[in-house]
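Please read the structure below before turning to the comments.
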Amino acid sequence: MKDPTQIRANVVIAGVGGQGVILAGNIISDVCIAYGLDVKKAEVHGMSQRGGSVSAQIRFGPEVHGALVEKGRLDWAVGFEWAEALRWMPLLTPKGTVFVSTQEMIPPIALKDRVSGTVDYPLEFLRHPRVRAIDAPLVAKEAGNVKTAGVVLLGALSTELPFSREAWAQAITHRVPAKAVDVNLRAFDLGRRWKERVTPHLAQMPQPLVRQVELHLEESWCKGCGICVNVCPERIWMLNEKDVVETVAPERCTGCGLCEKLCPDLAIDVITHLNSSAMVHEGRNVLWQPN
Amino acid sequence: MNPGKQLLRQDMMPHILCPGCGHGIVLNTLVRVLAKRFTSMDQVALVAGIGCSSRIVGYIDANTLHTTHGRALSFATGLKLSRPELTVIVITGDGDGLGIGGNHLIHAARRNLDLTCILFNNETYGMTGGQLAPTTVLRAFTTTTPYGNKEKSFDAAELVKAAGATFVGRGQAYRPDLLEELIDRAIAHRGFSFLDVMTDCTEYFGRKNALGGGSDLLFSQARGEEAIAQGLGEWPELRDPDGFPIRETVPMGVLHEVNRPTLEEMMGLAGYDAREE
Amino acid sequence: MATELVSGNEACARGAIAAGCNFFGGYPISPSSEVAETLAKILPGHKGIFVQMEDEMASLGSVLGASLGGAKAMTATSGPGFTLMQEHLGYATLAEIPCVVVDVMRVGPSTGVPTAPSQGDVMQARWGSHGDREVAVLAPASVREIYDMTVNAFNIAERLRTPVVVMFDEVLAHMREGVELSAPSHDELWRRPRPLEDPGPSFRAYLPNEDGVAAMPNFGDGYHFHVTGLMHNEKGFPTTHPETIRGLMARLKRKMDPLPFWLPAEHYRLEDAELAVVAYGITSRVAREAVDRLRDRGVLAGLYRPRLLWPVGAADLADTLGRFQSVVVPEMNQGQWVEVVERYLPSAVRVVSRSKLGGEPMTTEEILEGCREFVKKGVRAL
């Protein structure tokens, strides 16, 4: 392992609002400063309150000038949320490592494919040799508080950095509220044992389920009142020239069921299927249970 | 998917209600509750009076009884007393239940027989062409109040509560989830349960009062509650930005729930069966 | 069997129990209240339900609801209440729900004299409900007959799936007679026809048997069927199809055809009679005495007493009375059933109405007086 006072590296913490991304970045920065390193940290957290993407880029070394990580120069990415980590893959060095929580928190704005209710969570990502997938919330729960999932991942990251456990512990103690110090340290230490907790082979993982929506319309029952047209948040219904409703964009249906429940003529059926991902496409709701 | 659709008498559909009629939404919700609650309709009887609301029982594949104007509760009383094991649900309207059948309603509430009465309140007599109902709000236009209604309307929930009902709730067609919960709880309640359900008459009441189409009326149910909560005024002076009168609405949810011995308990009817042999 | 002193109203209540009645929904009204009071007392001991409803409309409504549940159900009332029940009587006819309605007649119109007798509801029983329908109306003339006819009424109601009215008056209701009330045996009680097929989507609740009566399941027995007061098809669902409506109305009338054979009119000393008196109910009791007294004086008189006022046993009426020159019809109204007699007898027969109003029962003397003009000269003065 490199000399901690001479190391030069780039780390990105990525997640969604509320997961503690900024806190984790501050802890890493504190540790680096403790070793006399120059640190530059850049943050994006505009949408944090709505669960939007949040990231922190930390560049450190004996001397650092620019604050942003360039393509092919990222050494470690830590994804508090699976898909958020994906965004940083193109920046990774060939030897770069990703620590990722298998937790999925889909920001509404990222939910492009509302038909199946998924964003693209390709399983290949988890098979990538540089990816360490960890069910961080589960480990955090074990530590005593599910909110410490980010610190679990920091613990995992810490095993690949040359800084001492004590330096990390000091930074955490300094950064988290006094009453949360113990649980965060427990989470950190459990995270340091990540090799015991890494995701098993994918074949052993339970089949994820994907939501698919089927719309049925009993045309002969429809009287063309237009309630569904006006009530649908996605505007997928319209009245045709015969004053009978038809779907203009069934692919946009999210399966909320408002049209079905408010149809006075019981003409609409919104049927939601939970299919195994293999039948639809890979991804979505991969659950890893600890051994 | 609405599991209640399998309870419909498919050969009777589509039903006779007008486009956008709020009653259809209550039917939609009612069959959903029935399908979730009962594995079979064998022990479920739906008893209705006369009017648009009451016609809906004919579309449900159960023991269905379409009686005379206002008197559904009296039929239901006899049926329930003779067969206490049946779940008896009475469907009535505001004209049917509060006008011609008002006397039966208060006495059914007083007796506390284990019945569920769902009153579809669209503020008018729909089937006869949109006349003044006991629930028509002040100043509203109907075919028999061409200069505006001058009579105060009933608060059905308060009336039935005062008469002694042990469960009183109010729901809206606009909120099918709340309505589903209310109907489910009303059926589960032991004793006389009553639901005042706000629905809309689009073709008569809606037109006479320039309230817009089916969805306009539906949405106005929610807007009214907010507007009145903010003290913005009274129907029908109160209008939304598009100029539609906002409907006056009243508290929603379970308004009253107490326990009191039911009539069949007082009569000791456990296990009673009037069937011969 | 012991002889008991029983009033007409009590006999009615006990007849109901004997017939297997297990539901009574009623509302107090003079002079019928003792029927309700008696049943309130004895029904619970006979596995029955008594409920006092808020008005007469609700009373008959509850009776119809109970009947659909499988109960043998009854209510009792008097003129004003009977009027309020007319809508449900029509409903029961069209929806074919068995029930028994007792009408104890009092002086009307309106509140009239609540405690005095009359026979003023004869036409109300026939035509009181709107629309057009066949009705079954029984007219007992004694305490014992009230008991028997209440049983008959239940039998007819169940067998033909129809409302049946038992009519008597304030005098019979409150009159006590020494009677032996022997309960009918199990076999003498008729039951509504039950469906032979299992429940299922093909079940048709209003598909008539050969006799025009459809099998009737109870609510709650697994047959999902619809009952409505709208014109309906054989499945019970509403229709406006003219042919279907005509067929239904014809069937509802035809199924009542056996009634006059089940309850034939009483012929009293009519075989050799030259003068016929037609009377029913309380009036027939004094008419019978008048006939006897006429015979004592050499006048060949006879009594024709219908026990079934509706439907009219027209064939028997015409066969029996068609040969008379004169028929006298005394009634405690302004002349109601006399119109039936006129309708079914040849025009050569002189039909004369003798009516009495005012709340007093008709007397023998009054009937004799009414017959005077038809008595041949030379016969001993009446």
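Residue numbers (the numbering used here), protein chains in the order written: chain A, 175 to 465; chain B, 2 to 278; chain C, 1121 to 1502. Glycine residues also receive a C-beta, built at the ideal position from the N, C-alpha and C atoms.
When CB distances to chain B are screened at a threshold of 8 Å, the residues of the segment 1187-1212 of chain C falling below it are S1187, L1188, G1189, G1190, A1191, K1192, A1193, E1207, H1208 and Y1211, in chain order.
Where P1234 of chain C is concerned, the enclosing beta strand (DSSP E) starts and stops at V1233 to P1237. Each of C:G1140, C:W1247 and C:T1483 was checked against the Cα of D1307 of chain C, and the nearest Cα belongs to C:G1140. Taking the C-beta atoms as reference points, T69 of chain B is found no nearer than 9 Å to H1250 of chain C. Close to K6 of chain B, with beta-carbon spacing below 8 Å, are these residues of chain A in chain order: L440 and D443. Taken through DSSP and simplified to helix, strand or coil, C118 of chain B comes out as strand. Using beta-carbon distances, L1429 of chain C does not count as an interface residue toward chain B, since no partner is under 9 Å. Between the alpha carbons of E204 of chain B and F168 of chain B lies a distance of about 32 Å.
Sequence-distant partners of A1334 of chain C (beyond 5 residues in either direction) whose C-beta falls short of 6 Å from its own C-beta, in its chain, are Y1326, L1327 and P1328. Positions of the alpha helix (DSSP H) runs, each at least 4 residues long and wholly inside the segment 1361-1409 of chain C, are given as 1362-1374 and 1379-1382 in order along the chain. In this structure, DSSP gives Y209 of chain A a state outside helix and strand, which the three-state scheme calls coil. Within the segment 1329-1363 of chain C, the complete beta strand (DSSP E) segments of 3 residues or longer fall at 1346-1348, listed in chain order. With respect to chain B, the C-beta atom of Y1267 of chain C has no partner C-beta closer than 9 Å. Against chain C, the CB of L212 of chain B has no partner CB under 9 Å away; the residue lies outside that interface. A direct Cα-to-Cα measurement between F1288 of chain C and T1282 of chain C gives close to 20 Å. According to DSSP, residue pairing for V1419 of chain C in a beta bridge does not occur. Listed along chain C are G1340, each with a C-beta nearer than 8 Å to that of Q44 of chain B. Between the alpha carbons of L328 of chain A and R426 of chain A lies a distance of about 38 Å.
Approximately 26 Å separates the beta-carbon atoms of A166 of chain B and F206 of chain B; this is outside 8 Å, ruling out the contact. Judged by beta-carbon spacing, A1256 of chain C lies within the 9 Å limit of L1428 of chain C, meaning their Cβ atoms are closer than that value. Taking 4 residues as the minimum length, the alpha helix (DSSP H) runs contained wholly in the segment 1281-1317 of chain C are 1290-1294, in order along the chain. Here the alpha carbons of E1265 of chain C and G1240 of chain C stand approximately 20 Å from one another.
Among the bridge pairs identified by DSSP, Y205 of chain B is matched with none.
When CB distances to chain A are screened at a threshold of 7 Å, the residues of the segment 172-189 of chain B falling below it are P177, in chain order. Distance from the CA atom of R1470 of chain C to the CA atom of Q132 of chain B, rounded to whole angstroms, is 54 Å. Assigned with DSSP and collapsed to three states, Q193 of chain A falls in coil, not helix or strand. When C-beta distances to chain B are compared with 7 Å, the residues of the segment 384-416 of chain A below that value are S394, W395, K397, G398, C399, G400, I401, N404 and V405, in chain order.
Pairing R72 of chain B with V405 of chain A, the inter-Cα distance amounts to about 37 Å. For L256 of chain B, the enclosing beta strand (DSSP E) covers residues G254 to E258.
Look at the segment 261-277 of chain A: it has no residue with a C-beta under 8 Å from a C-beta of chain B. By alpha-carbon distance to L139 of chain B, the top candidate from B:T129, B:G130 and B:T125 is B:T125. Pairing A307 of chain A with V355 of chain A gives a Cβ-Cβ distance that is not under 9 Å.
When secondary structure is reduced to three states using DSSP, H67 of chain B falls in the strand class.
Scanning the segment 167-197 of chain B from its first residue to its last, the whole beta strand (DSSP E) runs of 3-plus residues come out as 168-173. Neighbours of M2 of chain B in chain A, taken as residues at a C-beta separation under 7 Å, are given in chain order as D443, V444 and I445. According to DSSP, residue pairing for W250 of chain A in a beta bridge involves A:V185 and A:T271.
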